[in-house]
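Asker: Have a look at this one.
Numbering (this note's numbering), first residue to last: 1 to 98.
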């Protein structure tokens, strides 16, 4: 599901309730959620969407590796990465037996 599909779903879902939501409003909500997520990951190191996922910034150590082209030993520098920890109910819904 991409951003356009998600906006369309939100508009259709809220059309049945008293909350009238336009596609532009849904798009703006998703943009603001992304901006908030970026800001909190930089400032605090984590961002949570309750019941869905928690994003956490982790630091990978520098390590030794090999160039796939030349085979020469290289040092891969340390860097920060974002890890997602999926909410329990979402994880259980996906992991249930087939």
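Don't be surprised by glycine CBs; every beta carbon is placed ideally from N, CA and C.
No experiment lies behind these values; they were computed from the predicted model shown.
1. Give the DSSP-derived three-state secondary structure of residue 44 in the structure shown.
2. Can you grab the Cα-Cα spacing for the pair residue 67 / residue 89, in whole Å?
3. Is the region 37-55 in contact with the region 70-90, if contact means three or more CB pairs nearer than 8 angstroms?
4. In this structure, does DSSP put residue 16 in helix, strand or coil?
5. When the Cα of residue 56 is compared with those of 43, 63, 65 and 17, which residue comes out closest?
Answerer: Let me spell this out:
1. Three-state result, residue 44: coil.
2. If you take the alpha carbons of residue 67 and residue 89, they lie about 41 angstroms apart.
3. Of all C-beta pairs linking the region 37-55 to the region 70-90, three or more are shorter than 8 angstroms, placing the two stretches in contact.
4. DSSP places residue 16 in coil when its eight states are reduced to three.
5. Checking every option, the nearest Cα to that of residue 56 belongs to 43.
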